[in-house]
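*Asks:* If you read the sequences in order, they're chains A and B.
For the first sequence, UniProt numbering assigns the number 1 to the initial residue and increments by one for each residue that follows.
For the second sequence, UniProt numbering assigns the number 1 to the initial residue and increments by one for each residue that follows.
Here a beta-carbon is modelled for each residue, glycine too, at the ideal position from N, C-alpha and C.
Note that the coordinates shown come from a computational prediction; the quantities given were computed from them, not determined experimentally.
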Amino acid sequence: MSIEDRISTVKEEIKQLKNEINLKKSNLSESSLRTLASDIPPLETSELVVRVHLTGHLGKVYGVHWAEDSNHIVSASQDGKVIVWDAQAQCKIHAIRLRSNWVMDCAFSPSMNLVACGGLDNLCTIYDLSQEEEGRINIYRELSSHTGYVSCCRFLDDQRIVTSSGDMSCILWDIESGSKITEFADHNGDVMSLDLKPGDTNTFASGACDATSKLWDLRSGTCEATFEGHQSDINSVQFFPDGNAFGTGSDDATCRLFDIRAGRELMEYTNDNILCGISSVAFSISGRLMFAGYDNFSVHVWDVLKGNDTAILEEHSNRVSCLGVSKDGMALVTGSWDKELKIWA
Amino acid sequence: MGKKQSKEKRKEYKRQTKKSKRIQKQFEKQKQKDDNEVKILLLGTGDSGKSTIVKQMQILYKGGFEKDEIEIYKNVIRTNIKSYIKTLIKACETLNIQIDQKNKVLAHDFLETVRKNSPEITEELRENLKTLWDDKALKEAYVRRDEFQLPDAAKFFLDQIDTIADKNFTPKEKDILFCRIPTVGVKEIHFEVNEHVWRLIDVGGQRSERRKWIHQFENVNMLIFIVAASEYNQILYEEQNTNRMQESLQVFKKYVNNEYFKKKDLVILLNKIDLFKEKIEKYPITKCFPEYSGKNNFEDTSKFIKKQYLSLVKRKKKRKINSHFTCSTNTDMTKKVIESVLNSVIKSDINRYFM
Numbered sequence: 001m002s003i004e005d006r007i008s009t010v011k012e013e014i015k016q017l018k019n020e021i022n023l024k025k026s027n028l029s030e031s032s033l034r035t036l037a038s039d040i041p042p043l044e045t046s047e048l049v050v051r052v053h054l055t056g057h058l059g060k061v062y063g064v065h066w067a068e069d070s071n072h073i074v075s076a077s078q079d080g081k082v083i084v085w086d087a088q089a090q091c092k093i094h095a096i097r098l099r100s101n102w103v104m105d106c107a108f109s110p111s112m113n114l115v116a117c118g119g120l121d122n123l124c125t126i127y128d129l130s131q132e133e134e135g136r137i138n139i140y141r142e143l144s145s146h147t148g149y150v151s152c153c154r155f156l157d158d159q160r161i162v163t164s165s166g167d168m169s170c171i172l173w174d175i176e177s178g179s180k181i182t183e184f185a186d187h188n189g190d191v192m193s194l195d196l197k198p199g200d201t202n203t204f205a206s207g208a209c210d211a212t213s214k215l216w217d218l219r220s221g222t223c224e225a226t227f228e229g230h231q232s233d234i235n236s237v238q239f240f241p242d243g244n245a246f247g248t249g250s251d252d253a254t255c256r257l258f259d260i261r262a263g264r265e266l267m268e269y270t271n272d273n274i275l276c277g278i279s280s281v282a283f284s285i286s287g288r289l290m291f292a293g294y295d296n297f298s299v300h301v302w303d304v305l306k307g308n309d310t311a312i313l314e315e316h317s318n319r320v321s322c323l324g325v326s327k328d329g330m331a332l333v334t335g336s337w338d339k340e341l342k343i344w345a
Numbered sequence: 001m002g003k004k005q006s007k008e009k010r011k012e013y014k015r016q017t018k019k020s021k022r023i024q025k026q027f028e029k030q031k032q033k034d035d036n037e038v039k040i041l042l043l044g045t046g047d048s049g050k051s052t053i054v055k056q057m058q059i060l061y062k063g064g065f066e067k068d069e070i071e072i073y074k075n076v077i078r079t080n081i082k083s084y085i086k087t088l089i090k091a092c093e094t095l096n097i098q099i100d101q102k103n104k105v106l107a108h109d110f111l112e113t114v115r116k117n118s119p120e121i122t123e124e125l126r127e128n129l130k131t132l133w134d135d136k137a138l139k140e141a142y143v144r145r146d147e148f149q150l151p152d153a154a155k156f157f158l159d160q161i162d163t164i165a166d167k168n169f170t171p172k173e174k175d176i177l178f179c180r181i182p183t184v185g186v187k188e189i190h191f192e193v194n195e196h197v198w199r200l201i202d203v204g205g206q207r208s209e210r211r212k213w214i215h216q217f218e219n220v221n222m223l224i225f226i227v228a229a230s231e232y233n234q235i236l237y238e239e240q241n242t243n244r245m246q247e248s249l250q251v252f253k254k255y256v257n258n259e260y261f262k263k264k265d266l267v268i269l270l271n272k273i274d275l276f277k278e279k280i281e282k283y284p285i286t287k288c289f290p291e292y293s294g295k296n297n298f299e300d301t302s303k304f305i306k307k308q309y310l311s312l313v314k315r316k317k318k319r320k321i322n323s324h325f326t327c328s329t330n331t332d333m334t335k336k337v338i339e340s341v342l343n344s345v346i347k348s349d350i351n352r353y354f355m
């Protein structure tokens with residue numbers, strides 16, 4: 001047999017084995033999340049309304065991130081600007097002019113001293129907000145090593161940051177020296193998103209265009225677990241508040257919940273009317289709700305336990321590209337290609 | 001709250017709002033500038049000449065290259081001539097070309113000991129490079145260079161080993177145009193011509209999934225797709241079974257019909273036309289287009305290739321499509337072509353872009 005034939009035979013075998021494993025797993029499970037939650041009364045929430053419109057960006061908003069104080073927000077747009085907003089005062093605190101317009105994500109450090117952004121320039125650029133010179137904030141560090149775009153970045157602290165990239169890898173960086181500490185390479189497609197595990201400084205999750213999400217050990221650089229189930233690119237990954245599960249949003253029009261200890265998918269969030277991809281997901285502070293931003297301009301609020309849509313928020317006039325829930329759980333911010341940010345409560 | 005504290009708070013609030021308003025004003029100024037820019041996206045497969053066009057813009061409209069840039073190119077050129085010789089020696093092996101007894105040991109040692117990544121060239125190394133480049137076997141491999149991967153500029157530099165190895169070597173503009181440095185990420189250049197600001201964007205360095213970032217360029221005003229006309233008989237670096245021009249046609253088809261680009265004005269540049277003219281005398285284009293039954297002269301073959309690209313454009317109405325022959329390493333020719341492109345934009349009512 002030629003090599004190609006051998007490879008396809010083995011691939012078939014693997015597929016069959018995977019199906020057998022999945023069958024066994026579902027036979028062993030006593031119930032599904034949906035069934036178990038059927039007795040729980042439906043959620044009674046007041047309607048989420050836009051409280052603040054943050055306008056000023058001149059191009060599509062691609063990234064948004066709350067600061068730990070639940071009041072400051074950093075946003076990045078392809079007009080080449082990263083803006084730091086004061087949500088309560090509804091004004092702009094800083095405006096950073098980027099070297100490259102093509103930015104894909106931004107993040108605040110927990111201390112709020114640093115802001116990072118990354119994009120098509122393949123770099124993760126760090127700015128120090130405390131070093132403002134004549135109204136301008138200069139580049140503090142430029143982290144260079146990725147051979148593809150930087151899709152997402154999250155600070156561990158003021159000294160370390162993790163990035164995900166279109167080169168199919170993630171990197172843990174030492175900011176001061178500007179060098180790589182660890183490289184995480186196991187995905188077979190562009191890595192689109194990452195999230196740090198709450199309460200555990202040694203684990204993070206990533207989602208990629210190979211339709212899988214992975215859990216990584218920061219110290220050893222190894223992939224601890226891989227979760228399959230999605231049928232297309234995963235664009236967003238976010239941990240459940242207690243860190244034992246995580247939610248994902250994908251181009252296959254579904255959001256899913258994966259449990260780490262059970263090692264499997266618990267629920268799929270979708271319905272027949274949804275035909276477009278999800279760009280971003282975020283959990284409410286209790287974890288009962290999951291917010292998902294869609295390409296069809298809307299935001300759906302999913303009941304995580306019961307699996308149904310509790311609300312559809314339609315205020316943006318273009319794709320919702322990013323969103324986030326504040327640390328105190330009081331507000332949701334959404335960013336869109338319509339150049340605006342909206343804060344909901 | 002005490003009177004003093006609330007006064008402090010009011011002061012702070014006033015300062016914040018003032019700053020926020022200042023930032024907004026800056027944004028509005030910036031918006032005016034951005035809106036007056038014509039954004040052009042440069043597309044094309046690897047090695048088609050996109051970066052060379054960007055370099056030409058640097059020469060024509062921005063006064064040339066900076067000192068530190070020139071230094072980088074110097075080192076790249078020196079490193080490259082060593083790797084060209086290595087590639088030729090390895091090609092002799094693959095193509096079964098016997099190297100003369102007198103140079104066999106030299107070639108073998110060269111492969112083993114010379115560090116490809118350093119720009120150092122000693123006296124001894126300079127002599128060895130010249131000897132090897134003069135070798136009959138390597139010359140034969142060079143003639144068959146379409147069967148392996150050798151950059152087009154190899155001969156240009158290998159014919160100047162003495163100049164390059166000299167410690168006072170400073171690359172001239174022509175050397176920089178020929179020197180290949182793979183683009184990383186995104187390369188942009190903006191310049192002013194005819195009272196308008198133009199921004200050329202070369203995103204050729206991204207090897208990732210196009211669908212994940214192509215929407216970033218939804219607002220470009222025009223696309224320029226560059227084709228290396230001379231690669232009709234060459235194979236891809238990434239995949240040894242794929243013909244380069246076939247790959248270029250596939251990539252072209254995907255880009256021009258993409259949901260974000262299908263209404264945009266398009267310019268097709270058939271580049272490396274000088275190399276194409278040379279090649280077409282020896283190698284028929286049936287290598288890439290077996291269905292071609294015309295004559296093997298420049299006129300007919302170049303027309304045929306142009307037609308192949310144009311036929312892939314799905315929406316021809318409501319968008320302007322132009323094509324030109326270019327030689328991106330020739331500054332004068334490039335100037336004429338680019339200015340013709342820019343003028344056609346201005347003539348066709350540039351205001352259409354700013355609605």
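Can you give me, in chain order, the residues of the stretch 152-163 of chain B that have a beta carbon less than 7 Å from any beta carbon in chain A?
*Replies:* The residues in question: there are none.
*Asks:* DSSP state of Gln16 (chain B), grouped into three classes?
*Replies:* helix
*Asks:* Return helix, strand or coil for Tyr142 (chain B), following the three-state DSSP convention.
*Replies:* If DSSP states are grouped into helix, strand and coil, Tyr142 (chain B) belongs with the helices.
*Asks:* Identify each residue in the stretch 178-195 of chain B for which the Cβ-Cβ distance to at least one residue of chain A is less than 9 Å, and report them in chain order.
*Replies:* Val184, Gly185, Val186, Glu188
*Asks:* Quick one: any contact between the stretch 32-48 of chain A and the stretch 59-77 of chain A, if contact means 3 or more CB pairs under 8 Å?
*Replies:* no
*Asks:* Name, please, each residue of chain B whose Cβ falls closer than 8 Å to the Cβ of Leu120 (chain A).
*Replies:* Gly185, Val186, Val203, Gln206, Trp213, Gln216
*Asks:* Is the beta carbon of Asn122 (chain A) closer than 8 Å to that of Tyr149 (chain A)?
*Replies:* yes
*Asks:* Would you mind reading off the limits of the beta strand (DSSP E) that contains His94 (chain A)?
*Replies:* 91-97
*Asks:* Roughly how many angstroms separate the alpha carbons of Lys306 (chain B) and Ile280 (chain B), rounded to a whole number?
*Replies:* 15 Å
*Asks:* Go to Met290 (chain A), then tell me how far its beta strand (DSSP E) extends in each direction, as first and last residue.
*Replies:* 289-294
*Asks:* Do you know offhand how far Leu120 (chain A)'s Cα is from Ile53 (chain B)'s?
*Replies:* 20 Å
*Asks:* Taking 8 Å as the threshold (beta carbon to beta carbon), is Glu231 (chain B) in contact with chain A?
*Replies:* no
*Asks:* Taking the DSSP output, what are the residues bridged to Asp217 (chain A)?
*Replies:* A:Thr203
*Asks:* What ranges does the beta strand (DSSP E) occupy inside the stretch 192-225 of chain B, keeping only unbroken runs of at least 3 residues that lie completely in it?
*Replies:* Listed in chain order, they are 196-202.
*Asks:* Step through the CB atoms of chain B and report whether any lies within less than 8 Å of the CB of Cys170 (chain A).
*Replies:* no
*Asks:* Taking three-plus beta-carbon pairs below 8 Å as touching, is the stretch 10-27 of chain B in contact with the stretch 25-44 of chain A?
*Replies:* no
*Asks:* As an exercise, report each continuous alpha helix (DSSP H) stretch of at least 4 residues that is fully enclosed by the stretch 112-194 of chain B, in chain order.
*Replies:* 123-134, 136-143, 154-158, 161-165, 173-178
*Asks:* With Asp195 (chain A) and Phe239 (chain A) assumed to form a contact (beta carbons below 8 Å), what rounded beta-carbon distance in angstroms separates them?
*Replies:* 5 Å
*Asks:* Met355 (chain B) to Leu332 (chain A), Cα distance in whole Å?
*Replies:* The predicted model places Met355 (chain B) with a pLDDT of 46, which falls under 50 and marks its position as unreliable, so this point remains unresolved.
*Asks:* Less than 8 Å between the C-beta atoms of Cys153 (chain A) and Ile161 (chain A), yes or no?
*Replies:* yes
*Asks:* Gly166 (chain A) CB to nearest chain B CB: under 8 Å?
*Replies:* Taking Cβ atoms only, chain B reaches closer than 8 Å to Gly166 (chain A), which makes this a yes.
*Asks:* Report the residues of the stretch 294-328 of chain B with a CB closer than 7 Å to any CB of chain A, ordered along the chain.
*Replies:* none
*Asks:* At which residues does the alpha helix (DSSP H) containing Glu132 (chain A) begin and terminate?
*Replies:* Note, Glu132 (chain A): premise wrong, no alpha helix (DSSP H); beta strand (DSSP E) at 123-133.
*Asks:* Residues of chain B with CB under 9 Å from Ser100 (chain A), in chain order?
*Replies:* Gly185, Val186, Glu188
*Asks:* What number of angstroms, rounded off, separates the C-alpha of Asn241 (chain B) from the C-alpha of Val203 (chain B)?
*Replies:* 25 Å
*Asks:* Any idea which residues DSSP pairs Val150 (chain A) with across the strands?
*Replies:* A:Ser165
*Asks:* Can you tell me whether Cys124 (chain A) is buried or exposed, with buried defined as 16 or more other CB within 10 angstroms of its CB?
*Replies:* By the neighbour-count criterion, in which a residue is buried when 16 or more other Cβ atoms sit within 10 angstroms of its Cβ, Cys124 (chain A) is buried.
*Asks:* What's the gap between the Cα of Val301 (chain A) and the Cα of Asn36 (chain B)?
*Replies:* 41 Å
*Asks:* Between Lys216 (chain B) and Gln78 (chain A), is the Cβ-Cβ spacing less than 8 Å?
*Replies:* Note that residue 216 (chain B) is Gln in the sequence shown, not Lys. Going by C-beta atoms, Gln216 (chain B) is nearer than 8 Å to Gln78 (chain A).
*Asks:* Can you list, in chain order, the residues of its chain with a C-beta nearer than 6 Å to that of Ile274 (chain A)? Leave out the 5 residues immediately preceding and following it.
*Replies:* The beta carbon of Ile274 (chain A) is closer than 6 Å to those of Ala253 in its chain, skipping five residues each way along the sequence.
*Asks:* Strictly below 7 Å CB to CB, what residues from chain B border Cys117 (chain A)?
*Replies:* Within 7 Å Cβ-Cβ: nothing; Cys117 (chain A) doesn't reach chain B, min ~14 Å.
*Asks:* For chain B, check one thing: does any of its Cβ atoms lie closer than 8 Å to the Cβ of Ala95 (chain A)?
*Replies:* yes
*Asks:* State the CB to CB distance for the pair Leu129 (chain A) and Leu114 (chain A), rounded to an integer number of angstroms; the pair is presumed to be in contact (CB under 8 Å).
*Replies:* That belief holds up - the Cβ atoms of Leu129 (chain A) and Leu114 (chain A) are roughly 7 Å apart, short of 8 Å.
*Asks:* Taking only the alpha-carbon atoms, compute the straight-line gap between Gln101 (chain B) and Glu278 (chain B) and give it to the nearest angstrom.
*Replies:* 33 Å
*Asks:* Does Gln78 (chain A) get closer than 8 Å to chain B when you measure Cβ to Cβ?
*Replies:* yes
*Asks:* Give me the Cβ distance between Phe276 (chain B) and Tyr292 (chain B), rounded to the nearest whole Å; I'm assuming they're in contact under 8 Å.
*Replies:* No, Phe276 (chain B) and Tyr292 (chain B) are not in contact; Cβ-Cβ is about 15 Å, not under 8 Å.
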